[in-house]
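A short worksheet on the structure shown next.
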Amino acid sequence: MRYRVKETKRFEYGYIDTYKSAYLGAKSLKGKILKHDPDNHQLHLQFDKTLHGKYLGDRSRFEIQFVLVSTEITDCEILAYPVNPIGQELRFGARNGVVPKILDAFYTSMTNQFEASNTDL
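Heads up: the sequence shown begins at 280 in the working numbering, then just goes up one per residue.
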């Protein structure tokens with residue numbers, strides 16, 4: 280069974296707005312920022328075993344690389360996988376569906392951050 284999820288998600292926003300929404304979206308989900316490197320377009324996150332108060336069973340780590348397609352379009356290349364308590368990638372024994380569930384919540388949180396920043400204008 281493969282636990283790694285690798286996907287690219289396109290956002291119709293510039294790099295700064297996309298990076299900011301990912302950062303704030305992770306914070307809103309109580310994610311831990313492991314690497315905050317906007318100059319190199321990288322953001323690494325770790326999420327705990329719970330999401331919105333619901334126990335999921337595994338911690339998850341996201342490694343995000345932001346790719347500028349144009350000034351108004353940014354791709355997020357995300358590698359997501361479950362980790363053990365000391366942050367090592369789980370190669371077996373992880374629960375099914377945890378990483379995709381957190382990834383969906385992360386995308387929703389990013390979208391909410393985009394919408395919130397648009398209403399602030």
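Beta carbons are placed, not taken as given, at the ideal position from N, Cα and C, and that holds for glycine.
Is the segment 334-350 touching the segment 365-384 in the sense that three or more CB pairs, one from each, lie closer than 8 Å?
yes
Give a yes or no on whether the C-beta atoms belonging to S388 and L308 are separated by under 8 Å.
For this step, residue 388 is matched to residue 109 along the sequence shown. For this step, residue 308 is matched to residue 29 along the sequence shown. The answer is yes: Cβ separation under 8 Å.
Helix, strand or coil, according to DSSP, for I381 in the structure here?
Within the sequence shown, the letter at position 102 stands for residue 381. In this structure, I381 counts as helix in the three-state DSSP scheme.
Restricting to Cα atoms, I'd like to know which of F371, V378, C355 is closest to G293.
For the purposes of this step, residue 293 is identified with residue 14 of the sequence shown, where counting begins at 1. The shortest C-alpha separation from G293 is found at C355.
Alpha carbon to alpha carbon, what distance is there between V348 and V377?
Within the sequence shown, the letter at position 98 stands for residue 377. Within the sequence shown, the letter at position 69 stands for residue 348. Rounded to the nearest angstrom, the two C-alpha atoms are 30 Å apart.
Would DSSP call L400 helix, strand or coil?
Along the sequence shown, one-based indexing puts residue 400 at 121. Confidence at L400 is low in this model, with a pLDDT of 42, below 50, so its placement is unreliable and the value that follows should be read with caution. The answer is coil: DSSP assigns L400 none of H, G, I, E or B.
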